Structure formats: C-alpha cells, structure tokens
Amino acid sequence: MIAALGLAVKNPATWVFLAFAAVTCGSALVVAVSRSLVYSAYALLLTFFGVAGLYAFLDADFLAAAQLLVYVGGILVLILFGVMLTHKIRDINLSNESTNPVVGAVISGFLFLALAYVSLMTDWQVVEHPASATSGEIGRAFVGKYLLPFEVSSVLLLGALIGAAYLARREKREA
Amino acid sequence: MPVVGLEWFLVIAAFLFATGVFTILTRKNAVSILMGVELILNAANVNLVAFSRFVKPAATLGPQSVEFPLQGSAAHAVYGQPWIAGNVFAAFVIVLAAAEAAVALGLILGIYRTAGDVDVDEATALKG
Amino acid sequence: MHPVITFAHNVLPFTKGWPDWVVYVAIVFVVAFGILNTLVAPLTGISTYIERRMAGRAQYRWGPNRVGFRSLLDALPVTRWIGRMGDIGPVKAIGRLIPGGLLQFAADGLKLFTKEDIIPAKADKFLFRASPYVVMAGSFAAFAVLPVSFNFRAVNFNIGIFYVLGISSLVVPGILMAGWGSANKWALFGGMRSASQIVSYEIPVAISLMTAVMLAGTMNMTDIVNAQRSGYGIEKAGALGWYVFRYGGLMIVPFVIYFIGGCAEVNRTPFDLPEGESELVSGYHTEYSGFRWSFFFMAEYSNMFAVGAIATTMFLGGPLPPYPVQLTEQLFGGMGHLGMVLRFLEGFAWFFIKSYFFVLVMIHMRWTLPRYRVDQLMHLCWKVLLPIALVWFVLMCGVRAVRMEMKLAAQPAVAEVTR
Amino acid sequence: MRYDYVGVLVYLALAVVFVLVGMTAQRVVSWFLRTNRPNEAKLSPYECGEEPIGGTFIKFNIRFYVMALVFIVFDVEVVLLFPWAAVFNELYAFYRMALFWDMLIFVGILAFGLAYVWGKGDLDWIMTFRKHLSPAEKVARPQSRKEVA
Chain C
14 MIAALGLAVK NPATWVFLAF AAVTCGSALV VAVSRSLVYS AYALLLTFFG
64 VAGLYAFLDA DFLAAAQLLV YVGGILVLIL FGVMLTHKIR DINLSNESTN
114 PVVGAVISGF LFLALAYVSL MTDWQVVEHP ASATSGEIGR AFVGKYLLPF
164 EVSSVLLLGA LIGAAYLARR EKREA
Chain G
2 MPVVGLEWFL VIAAFLFATG VFTILTRKNA VSILMGVELI LNAANVNLVA
52 FSRFVKPAAT LGPQSVEFPL QGSAAHAVYG QPWIAGNVFA AFVIVLAAAE
102 AAVALGLILG IYRTAGDVDV DEATALKG
Chain B
59 MHPVITFAHN VLPFTKGWPD WVVYVAIVFV VAFGILNTLV APLTGISTYI
109 ERRMAGRAQY RWGPNRVGFR SLLDALPVTR WIGRMGDIGP VKAIGRLIPG
159 GLLQFAADGL KLFTKEDIIP AKADKFLFRA SPYVVMAGSF AAFAVLPVSF
209 NFRAVNFNIG IFYVLGISSL VVPGILMAGW GSANKWALFG GMRSASQIVS
259 YEIPVAISLM TAVMLAGTMN MTDIVNAQRS GYGIEKAGAL GWYVFRYGGL
309 MIVPFVIYFI GGCAEVNRTP FDLPEGESEL VSGYHTEYSG FRWSFFFMAE
359 YSNMFAVGAI ATTMFLGGPL PPYPVQLTEQ LFGGMGHLGM VLRFLEGFAW
409 FFIKSYFFVL VMIHMRWTLP RYRVDQLMHL CWKVLLPIAL VWFVLMCGVR
459 AVRMEMKLAA QPAVAEVTR
Chain P
960 MRYDYVGVLV YLALAVVFVL VGMTAQRVVS WFLRTNRPNE AKLSPYECGE
1010 EPIGGTFIKF NIRFYVMALV FIVFDVEVVL LFPWAAVFNE LYAFYRMALF
1060 WDMLIFVGIL AFGLAYVWGK GDLDWIMTFR KHLSPAEKVA RPQSRKEVA
C-alpha cells in the first residue's frame, strides 16, 4: 500500500489527476453553496469539464468528448438560458438563497461518508484489460447487445422533444 | 496500468453525489435543483465508467466463454468487449440527462409563467 | 513506445535520457506553439489585412495602404532616390509589387496592446476576465487533431472529429460568459443570439460530418485523409479520391451543408446577427477593449481557419494533392531526410492552400451577401439544412450499403468467413 | 492513447497561458506606456453615448429557449449516431441491411419529432398564434411573415 502510494506520488499523472479531482470537487462545492445563481451555473461548467477529465483518466475517450458535447455544449447552455429567462433580474448577481443548510449538510455529509466508507472498505475484484479505443466498441454495443436500448432511447428523446415543446408553447394562449 | 485506483474515482463520485443531494435539499430555486440533479447524474456516470474500466465484467454478457473476444471475430462483432457495458450505460445516462434537462426546464418555464417565480416552495398548485 | 517519442529519439538523440512523458510534452508543446504562432496569431493579422483589402475592392475604397514594407522602403535614401526618378514605368511597377499596408496588422496589434483596458463598473469582473480564456481554449484546442501534413499531427486522437465537435462547444458558455459579465444590454443580447445560433447550426454540421465518418469508417482524422487516397477503384486517384468527388458527386451536398453551417458557427456575414452593427454594436464583445478584445478577434479568425481546415480534411483530402500522391511518395521516398522534409512541406502547403481558400471564400461572402434576418436564419437551419442533412445521411448510408453488397457479392468467400 | 489526452491538455494549457501572458504583458506595459484614466462615462455600459435606460437584463424572447430545447435532443441523437457511423463499414459484412434499418428506425423516430415541432410552429421565429386568437384580434395581427418583415 505504502509502496504503491510512493510510486503514485512519483508519477506526474497522479498530480494531474489530483488537479482534475480538485477542480471537479471544488467546483461542485461552489455549485452547491454559491450565493449567485450564475456562478453556480459556471461552476457547473468546470464540474462537467473536470468529469470529462476523469473520463480521460478512465480511458473513456468517446464519453469524455460526449460529456463536453452534451453537457457543456447542450445542457449547460440550456441551464444558462433558463437562468436568464426565468428571472426578474435586477442585478448581475442573481441571488440563490438556500434553506436549512445545516440539515442538508448533515444528510449529504452522512451520505458521503457512507458511500466513501463502502468504496474504500470493499475488496473490489479489480481486473486489468488493455486500454483501447472505446468508440468502436460502443458502436458495436449499440448495434448488437444494446440495440433495443439504442432504439428506445430515440423514443425517449422523441417524448422529451414533444413534451418540452408542448410545455414551452402552452401559456401563450392566455397571453 | 491505470494511474490511480478504482477507490479514488468512487470517492470523487460520492463527493459529487453528496454535493448534488445538498443542492437539491437546500435550494429553493428550481434551476438550482436541476443543477443538483445533473451533479448526481454525473456522479453515477463516473461510477459506471470507473467500474467499466476496473471491475471484471459479469459472465452473463454474451456466452460464458467469451470474456475478452478477439478483435474481428464474430463474437466480438455481436457482443463487443464485455467491459464496455459501463461506458454504454453512461452514454444512455447522458441521453437521459439531456431528455430530463429539456423537460425539466420546460416545466420550470411553465411554473415561471403561472407563478411568476421559480421558487419551488411557492409552486404548490398542480393546475396553473 | 509512442511514435512521437521514437521520432524524437531518432532526430534529437539527446532526448534519450529524458522521461518519455517529458519528451512527448516537449514535442507536442513545440508543435502547438508552432501552430499558435503560424496558424493563429499571424494568420489573424494577415487575414485582417486581406479582408480589409478585399472589402476595399468590394466597396470601391482603399483598404490599409500606408503602413508596410513600401513605407519602410520609402524611408531609405536609396529608395527615396528611386522614387524621385519619378514615374518611370518599371520603377512604378516594382513599387506596385510591394504592397503597402501589409504591416497594418502589426501596427494595430501594437495599438491594441497599449490601449486602455476598460472593465465597466457594473460588470461582473470575474466572468468578464474569464471569458477570453474559455473562448480561446475552446477554439485553439480544436487545432490539436488537424492533420496538417501527411501523417503529421500533434495528437493522433482516435475520436478526432468528434473531439473537435466536443471541445469547440466550450466556446458557447464562454460567449455567454462575456455577454452576461459585460452587464450591457447589447452584449447580453448578442451573446444569447450567438449561443443560440452556434448550437442550432451545430446539428446540420455534425450530421454532414457524420456522413464522411460513415464513409471512412473511422473518426480519426488521419485515417479519414488516408481513406481519400484512392477512389472509384483507382489506386492513384488523386483529386478523384476526395470525398466531394466520390459517389458520383453525391457528397457535394453534405459538403455544402457543412460549409454553410460552418460559416454560421463562426458568426460571420451573412450570419452575423450576433454582432450586427446596425442593431447591436458588436455583439457579445461590445464592452471589451484593447488587448482583451483582440483574443475574441483571434478566436474568430482561428475558428474560420479551423472551419476551412475541417472541410478540407473531411471532404477535400486534407494534405493530399490533386495529383496522385503516390507519385511524390516515390519521388521523395528515396531522398532520405531531405525527402521527409520536402514531403512534410508538400502536405502542409496543400493543406494550407485548401484551408485558406475557404477563409478567402468566407471573407468574400462577408462583403458580397446581405445579412439574414433572425427568422430566416432559424428557418434555414431547422427547415432546410437539417432535413437535407438527415435525408442525405440516410441516402449515403444506403448507397454505401449497396456498394458493400456488390463488393460482397463479388467475393462471397470473404462474407462466409466473417459470418 | 493516454498520450493523446496529454497532447490535448498541452493545447488547452497553451491557449490559457497565451491569454495569461498577453494580459500580463499588457499590464506590465501599462505601467509606463498605457493611459489608465477611468471615468464615469467610460465605465458605464456602452450604448452609443445614450444614457442607459432601465436595467441591463431585459426579458428574452422565448424562442431562444425553444431552439435550445430542440437542439439538445438532436445533439444527443448525433452523439448516439457517431459510434454507429464509425462501425458501419466494419460490421456491414456481418449484419448486412439490418444495420441500415437500425439506423433508419432511430433517425425516423426523431424525424417524426422534427416533423411534429415543425408542424406545430415551434420552429417559426415569429409566432402569430392566430389559432388562439379571436377573429377580431386576428385582423389586427399581421397575417404572414412577409408583412412582419
């Protein structure tokens, strides 16, 4: 254990990993506690970026790029639009008040400790397989083993599209 | 050889999950709550991909004998590498997250129109 | 061992003692620095010069025509003497050859550098300062996977083009950051418009790029280039192997959709609604001044070049010349290290010429076409480009499937073995 | 593989360092060359010299939002189709036309979604909502896009 840690400390990749982990966790914390809604949203940008970095460390190249494309380029933009559209904005610092921070901190702290305990104490059956390109494998899974989820996800997307369009359209009747 | 072990990723994912839960519990703003949900989904994704990278795939994926099929073989074509399952799941979670974000923001917009605010404590009526 | 490291060990023997990752980072850093200093920063300058000259031609006025080599030469006594020799034909002709105004961009850069850096009082200082970093990172990192010459690229990423789509989406939050942080109506409005336009046009662009990916069977940009070395069953196909000309010209449609969408993604006329001068002052960077502003400018021009470079790689054979590349391969192959250098230069020259051609087309479009209206813009994206791109993707898949069927029918034994 | 990520990181870092060095150098120059005299007029929002009226944060057209909603669905579609496109050549000999029909069903379902939002007018930038208006209001509103222009 100690020897492994010593090796890890000497490896520069460990430090890069720690930097990504710090960015991810730190910005997630900002999302949770920031007093400004816009800062929360932009901290979320860093979190998504950091998670993409973690995917890179897990050799999931396709997912890292998909994370950037969907989360940063899509969901985050949607959230930012939501922030800008649904506010009676008077000031650049949108307030983002929170309630019951103590109760929330206790519950989520307990959750974190429990999950971390389980993660660290379980004897995982870790196996090594060669790091290889994942995009081809994912494509193979989409047309083979996971064909049904692949097709059903298009139905899900259709439902989301129709539902979101309907919700966004609805009110104008009254206006 | 991976740089760092599985536990590191699991702990980071647990932290993301906890911050997501904290956000959902404490925020009043609906958009903030959505951000919390996105954090939780990301945490789940990190877990899935980490297990996909590190943990031995269950033999139930494909025939028992095919654990790491050869590149280009028929078994490879049909089943792919079994360890990819976690990555594929993560891809589907991304699909889910996108769909959820679209519908949730549509709902938030609806609440904003009827209530004039996106405070979830105020949105108590089911019909606008 | 990574090929880049092997290459470094062969060419620069003193690197053998270094750790592998140091060698790799050093090599990639040098390449990236080279790209930054040839394809991004000076090219921005040259492009502004060319753009303003072309604008001058289009609008019957002068572009920049003072600062430049000609003025430098005028300052020397000898050339002053030549100039006094007056309107003798040949001398005048020589004078014409040395364009004035070529150094205008350097002067402009110097001016921007020394300008006052204003941050509005009401602005969100942090977001205002952070935005250029995000925008610059998003547009520069896309250069990492471009195959600038034969089998030469900084990063041989196996998801190449998908990575480009992913990393360039960093630009959108960056633009919204600038718009929001400025605390200016027009900046915010320009940012919103810009973000909505970029994300909308990303869909037809991605689908038309996907068509080329489907034909090549890979997302790696180098492999996509190599797939265009031959075509129509001809080994030495030259330009015929490029994807625009393949499949009887069917691929022209995705190429055109890509180029239109690419123009819209860099927010230039006729798609420059986000910075339409007549309504919004200059879009999301209205409040930016001085050197801080120049990063947005640089990002815009490097994005233009990137759009051209991706079009070149995916549809026009990248660094492949229009004549059969095998000819020069044989010619330079026997020349050792000099041959390697020549081959690199050949590929880079073709890549650069083709990519820069698109930049010139974009500049020309800007000064030729009037601006779209916002509803026309969205109409074009969602009701014209997207359906055509989708239908064409399905069509090309069908064509490809038929081709594969024919190939399999020709050699049934192979099909049996795979099954 | 892992080296590729390092290369990407170098590019990202170089872009950030480039901006950082530029801004720092500019600040250094400012000590002895550049003017720095902010005043109230300079620091106010730039609105072509007019006095700014009202706050900065106007309410936006809902259309931006609807476009983003439609966009994200198709964005995910692209993400799912890319791996399919990358393996099409490789797996064709194995699956034959079944591979093509897989894709066609997937694209077809989403094309239906596109047709739906198109037909419902969600893709029109200018919404007249004639359907929901009384006849008197209909007369008052512009009837076609051309009139709006």
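Same order as they appear, the protein sequences are chains C, G, B and P. Every number in this note's numbering is 13 more than the matching position in the first sequence, counting from 1. Every number in this note's numbering is 1 more than the matching position in the second sequence, counting from 1. Every number in this note's numbering is 58 more than the matching position in the third sequence, counting from 1. Every number in this note's numbering is 959 more than the matching position in the fourth sequence, counting from 1. The beta carbon of each residue, even a glycine, is placed where N, CA and C say it ideally should be. Fair warning: this is a prediction, and the values are worked out from it, not measured in the lab.
Counterpart residues of residue i in DSSP-defined beta bridges
| i | result |
| --- | --- |
| B:G289 | B:I292 |
| B:F210 | B:S207 |
| C:V139 | G:V56 |
| B:S105 | DSSP lists no partner for B:S105. |
Reference residue i, options the options, closest by Cα
| i | options | result |
| --- | --- | --- |
| C:V64 | C:Q80, C:A26 and C:V119 | C:Q80 |
| B:F451 | P:V1076, P:D1081 and P:A1070 | P:A1070 |
| G:F18 | C:L50, C:C38, C:V168 and C:G172 | C:C38 |
| C:Y159 | P:V965, P:V1037, P:F977 and P:P1042 | P:P1042 |
| P:V967 | B:F186, B:N216, B:W76 and B:Y259 | B:N216 |
| B:V257 | C:D72, C:F70 and C:G87 | C:G87 |
| B:P100 | B:R350, B:A164 and B:G341 | B:A164 |
| P:V969 | B:N209, B:L70 and B:V213 | B:V213 |
| C:R182 | G:Y113, G:T115 and G:G107 | G:G107 |
| C:P25 | B:W79, B:G275, B:S288 and B:M464 | B:W79 |
| B:G320 | B:Q255, B:G456, B:A90 and B:W120 | B:Q255 |
| B:E260 | B:A447, B:F349 and B:V457 | B:A447 |
| B:R424 | B:M436, B:V88, B:Q117 and B:V83 | B:Q117 |
| G:F16 | C:T27, C:V22 and C:V43 | C:V43 |
| C:F163 | P:R1055, P:I1068 and P:D1081 | P:I1068 |
| B:S352 | B:Y82, B:N123, B:T172 and B:I108 | B:T172 |
| C:L126 | G:A14, G:V32 and G:N88 | G:A14 |
| G:V96 | P:V988, P:L1039, P:Y962 and P:F1059 | P:L1039 |
| B:I18 | P:L979, P:A1074 and P:V1066 | Past the boundaries of the shown model lies residue 18 of chain B; chain B is included only from 59 to 477, so the question cannot be answered. |
| B:Y290 | B:M356, B:R458 and B:A66 | B:R458 |
| B:Q162 | B:Y381, B:R111 and B:F201 | B:R111 |
Supposed close pair residue i, residue j - CB separation, criterion 8 Å
| i | j | result |
| --- | --- | --- |
| B:D330 | B:R429 | 6 Å |
| C:V83 | P:V1035 | 6 Å |
| B:G218 | B:V203 | 5 Å |
| B:S347 | B:S197 | With a Cβ gap of about 20 Å, B:S347 and B:S197 do not count as contacting. |
| B:V283 | B:T371 | 6 Å |
| C:L59 | C:S40 | 4 Å |
| C:A32 | G:V12 | Wrong, their Cβ atoms sit about 16 Å apart, outside the cutoff. |
| B:F210 | B:G391 | B:F210 to B:G391, Cβ: 16 Å. No contact. |
| B:R401 | B:F208 | 6 Å |
| B:Y342 | B:I233 | 5 Å |
| C:A178 | P:D1081 | 5 Å |
Any chain D beta carbon closer than 8 Å to residue i
| i | result |
| --- | --- |
| C:V44 | In the structure shown, chain D cannot be found, because the protein chains are C, G, B and P. |
Item checked: Under 7 Å (Cβ pairs) to chain C, residues found in the segment 230–242 of chain B -> V230, P231, L234, M235, W238 and A241
Next item on the list: Take every Cβ of the segment 85–94 of chain C, pair it with every Cβ of the segment 1020–1035 of chain P, and state whether three or more of those distances are shorter than 8 Å.
Entry: yes
Item checked: Residues in the segment 74–88 of chain C having any Cβ partner in chain B nearer than 8 Å -> D74, F75, A77, A78, A79, Q80, L81, L82, V85, G86 and G87
Next item on the list: Could you tell me whether the segment 360–377 of chain B touches the segment 405–412 of chain B, using the rule of 3 or more Cβ pairs below 8 Å?
Entry: yes
Note to self: Tell me whether the segment 142–158 of chain C and the segment 1043–1058 of chain P touch, counting them as touching only if at least three CB pairs, one residue from each stretch, are closer than 8 Å.
What the structure shows: yes
Next item on the list: Can you give me, in chain order, the residues of the segment 252–277 of chain B that have a beta carbon less than 9 Å from any beta carbon in chain C?
Entry: A253, S254, I256, V257, E260, A264, T276 and M277
Margin query: Could you check whether the segment 971–985 of chain P touches the segment 87–94 of chain B, counting it as contact only if at least three pairs of C-beta atoms, one from each stretch, sit closer than 8 Å?
Written below: yes
Checklist line | Interface residues of the segment 142–156 of chain C facing chain B [CB-CB below 8 Å] | finding: A146 and S148
Notebook entry, point to check: Hey, is the segment 232–242 of chain B in contact with the segment 175–183 of chain B, meaning 3+ C-beta pairs nearer than 8 Å?
Noted result: yes
Note to self: Tell me whether the segment 987–997 of chain P and the segment 350–367 of chain B touch, counting them as touching only if at least three CB pairs, one residue from each stretch, are closer than 8 Å.
What the structure shows: no
Margin query: Three Cβ pairs or more, each shorter than 8 Å: is that satisfied between the segment 22–36 of chain G and the segment 117–134 of chain C?
Written below: yes
Margin query: Along the segment 48–59 of chain C, where does the CB come closer than 7 Å to a CB of chain B? Name the residues.
Written below: V51, Y55 and L58
Item checked: Residues in the segment 363–376 of chain B having any Cβ partner in chain P nearer than 8 Å -> none
Check: Name the residues in the segment 1052–1067 of chain P whose C-beta lies less than 7 Å from a C-beta of chain C; which are they?
Finding: Y1054, L1058, D1061, I1064 and F1065
Notebook entry, point to check: Three or more beta-carbon pairs under 8 Å between the segment 290–310 of chain B and the segment 219–226 of chain B, yes or no?
Noted result: no
Notebook entry, point to check: In chain order, what residues of the segment 80–103 of chain G put their CB closer than 8 Å to some CB of chain C?
Noted result: Y80, G81, Q82, W84, I85, A86, N88, V89, A91, A92, F93, I95, V96, L97, A98, A99, A100, E101, A102 and A103
Next item on the list: Taking a Cβ distance cut-off of 9 Å, strictly less, list which residues of the segment 105–117 of chain G are near chain P, in chain order.
Entry: L106, G107 and L110
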